[in-house]
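Heads up: the structure comes next, in structure tokens.
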Amino acid sequence: MDKDIRIQVGQNIKSYRKNCNYTQEKLSELSGVDYKYLQKLEGKNPPNIKVETIARLAKALKLNPDKLLSSKESSP
Numbered sequence: 001m002d003k004d005i006r007i008q009v010g011q012n013i014k015s016y017r018k019n020c021n022y023t024q025e026k027l028s029e030l031s032g033v034d035y036k037y038l039q040k041l042e043g044k045n046p047p048n049i050k051v052e053t054i055a056r057l058a059k060a061l062k063l064n065p066d067k068l069l070s071s072k073e074s075s076p
């Protein structure tokens, strides 16, 4: 996955997480995604992300997975 896309996905995760008033710890708990990995996803140099991980995060955030992949955030 292109770095710009990974950065956008990470920004989307962070934005939607904050809209839900979740901490990284809470989202990690709800999604089953490792806390340290979640920190990296939201960071400046995010790693590649699997479709399964996007699906788990989207489910925890009560979103369609495509919301995390979009280039522009829309209202949740």
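By full-length UniProt numbering, the letter at position 2 of the sequence shown is numbered 2, and the numbering carries on one by one without gaps.
Cβ coordinates follow ideal geometry from the N, Cα and C atoms, glycine included.
Being a predicted model, the structure only gives us computed values, none of them experimental.
Classify Val51 as buried or exposed, calling it buried when 16 or more other Cβ atoms lie within 10 Å of its own Cβ.
-> Along the sequence shown, one-based indexing puts residue 51 at 51. Burial call: exposed.
Taking all protein chains shown into account, do 16 or more other C-beta atoms lie within 10 angstroms of the C-beta of Ser28, making it buried, or fewer, making it exposed?
-> Translated into the one-based positions of the sequence shown, residue 28 becomes position 28. Ser28 should be labelled buried.
If you run the structure through DSSP and keep just helix, strand and coil, what is Val51?
-> What you label residue 51 is simply residue 51 of the sequence shown in a count that begins at 1. Looking at Val51 - three-state DSSP - the assignment turns out to be helix.
Rounded C-alpha distance that separates Pro65 from Ile54 | Here residue 65 corresponds to residue number 65 of the sequence shown, with the count starting at 1. Here residue 54 corresponds to residue number 54 of the sequence shown, with the count starting at 1. Straight-line Cα distance between these residues: approximately 6 Å.
Cβ neighbours of Ala60 in the same chain (closer than 7 Å, five flanking residues each side left out) | Counted from its first residue, the sequence shown places residue 60 at position 60. If we look at Ala60 and ignore the five residues flanking it on each side, its Cβ neighbours are Leu27, Leu30 and Ser31.
Hey, Glu25 and Tyr35: beta-carbon distance below 8 Å or not?
-> Within the sequence shown, the letter at position 25 stands for residue 25. Within the sequence shown, the letter at position 35 stands for residue 35. In this structure, Tyr35 lies closer than 8 Å to Glu25 by Cβ.
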